[in-house]
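The structure appears right after this line, and notes come after that.
2 protein chains.
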Amino acid sequence: MRRKEPDSCGFAAALQAIGGKWKTSLLWELHLRPYRFAELRRLLPGVSEKVLTQQLRQMEADGLIRRRAYDEVPPRVEYSITPLGFSLNDAVTVMSAWGKHHETWKSQRKAA
Amino acid sequence: MRRKEPDSCGFAAALQAIGGKWKTSLLWELHLRPYRFAELRRLLPGVSEKVLTQQLRQMEADGLIRRRAYDEVPPRVEYSITPLGFSLNDAVTVMSAWGKHHETWKSQRKAA
DNA sequence: AGAAGTACGCACCTTGAGGTAAGCTATCGC
DNA sequence: GCGATAGCTTACCTCAAGGTGCGTACTTCT
Chain P
1 MRRKEPDSCG FAAALQAIGG KWKTSLLWEL HLRPYRFAEL RRLLPGVSEK VLTQQLRQME
61 ADGLIRRRAY DEVPPRVEYS ITPLGFSLND AVTVMSAWGK HHETWKSQRK AA
Chain U
1 MRRKEPDSCG FAAALQAIGG KWKTSLLWEL HLRPYRFAEL RRLLPGVSEK VLTQQLRQME
61 ADGLIRRRAY DEVPPRVEYS ITPLGFSLND AVTVMSAWGK HHETWKSQRK AA
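First to last, the protein sequences are chains P and U. Read in order, the letters of the first sequence are residues 1 to 112 in the UniProt record's numbering. Read in order, the letters of the second sequence are residues 1 to 112 in the UniProt record's numbering.
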């Protein structure tokens, strides 16, 4: 999607924060418990390491998650959700509920 | 954005329905009252006719809006919102509220 | 010795949403 | 006759998100 101009309400800002292909999944997983980088990789089959790093960094910049690097060897990094991220997850859940509602609507129309 | 695989919840479906650049704005305007094509064009400065048609058709296919063409000359077409579209508008409003909240959060962080 | 795991960075390529510009049918105003 | 208005369609171009693949510094397993 290509969104730049504000569409008069804060929806664009929210979409900016959650608009990545994997961000909703990341948010969902991290709202359950913290994970390490490689664990998230395994949780999202198909994500490339580059993009995973990218999206995690963006979400960190947006204050949705917290990144904690331990100065060990081998390196260890843990990602956890923040209260702000948690609140976004709630908003996403509302949209998600609508999405399910919409899917049943579509299958009903198809049947007709 | 590029979303195809279902991310295990209905959010992807919702985003599919609302993911266009102008769809949220269209939904918002139409939730106020019905409009004609040219009126919508004027309401969304910068939208091209092609994309406006495109998004209106997609939203019609998703059952968010209703298109009514009058067989007159010059042609007249009216778009109005459906109950389903109205319910999506509510879900969007929740996300929008989060977006505003997030914006204040960002400006606070910047100030610190 | 060699392979594998960790958490990335960098360079290049693909893809599809959206933008641009033109055309089309028909009527009305000057 | 010329342009404007209405509601589109078609062909072409752009651009950034995301994918692919390779490199890295260090260690532990086999």
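We treat Cβ as the ideally placed atom computed from N, Cα and C, and that holds for glycine.
> How is Glu-78 (chain U) classed by DSSP in three states: helix, strand or coil?
Replying inline: Counted from its first residue, the second sequence places residue 78 (chain U) at position 78. Three-state result, Glu-78 (chain U): strand.
> Which two residues bound the contiguous beta strand (DSSP E) that contains Arg-67 (chain P)?
Replying inline: Reading the first sequence from its first residue, position 67 is the one you call residue 67 (chain P). 65 to 70 is the span of the beta strand (DSSP E), which, as asked, contains Arg-67 (chain P).
>> Can you tell me whether Phe-86 (chain U) is buried or exposed? The criterion is at least 16 other CB atoms within 10 Å of its CB, across all chains shown.
In response: Taking the second sequence and counting its residues from 1, one reaches residue 86 (chain U) at position 86. Exposed.
>> Strictly below 7 Å CB to CB, what residues from chain U border Phe-11 (chain P)?
In response: Position 11 of the first sequence, counting from 1, holds the residue named residue 11 (chain P). Here the neighbours are Thr-24, Val-92, Met-95, Ser-96 and Gly-99.
>> Contact criterion: CB-CB distance below 7 Å. Does Leu-88 (chain U) meet it with respect to chain P?
In response: Position 88 of the second sequence, counted from the first residue, corresponds to residue 88 (chain U). Yes, Leu-88 (chain U) counts as interfacial toward chain P.
> Are the Cβ atoms of Ala-91 (chain U) and Trp-28 (chain P) separated by less than 7 Å?
Replying inline: Numbered from its first residue, the second sequence carries residue 91 (chain U) at position 91. Numbered from its first residue, the first sequence carries residue 28 (chain P) at position 28. Contact: no.
>> Give the list of continuous alpha helix (DSSP H) stretches no shorter than 4 residues that lie fully inside the UniProt domain "HTH hxlR-type" (9 to 107) of chain U.
In response: 11 to 18, 23 to 32, 37 to 43 and 49 to 61
> From the beta carbon of His-102 (chain U), is the nearest beta carbon of chain P less than 7 Å away?
Replying inline: Indexing the second sequence from 1 puts residue 102 (chain U) at position 102. Yes, His-102 (chain U) counts as interfacial toward chain P.
> Buried or exposed: which applies to Leu-15 (chain U), given that a residue is buried once 16 or more other Cβ atoms fall within 10 Å of its Cβ?
Replying inline: Walking along the second sequence from the start, residue 15 (chain U) turns up at place 15. That one is buried.
>> Using the three-state DSSP reduction, which class does Ala-112 (chain P) fall into: helix, strand or coil?
In response: On the first sequence, residue 112 (chain P) is found 112 positions in, with the first residue counted as 1. Reduced to three states, the DSSP call for Ala-112 (chain P) is coil.
> Once you ignore the five residues that flank Asn-89 (chain P) on each side, which residues in its own chain have a CB closer than 8 Å to its CB?
Replying inline: Stepping through the first sequence from its first residue, residue 89 (chain P) is reached at position 89. For Asn-89 (chain P), where only same-chain residues beyond five positions count, the Cβ hits under 8 Å are Leu-27, Trp-28, His-31 and Ile-81.
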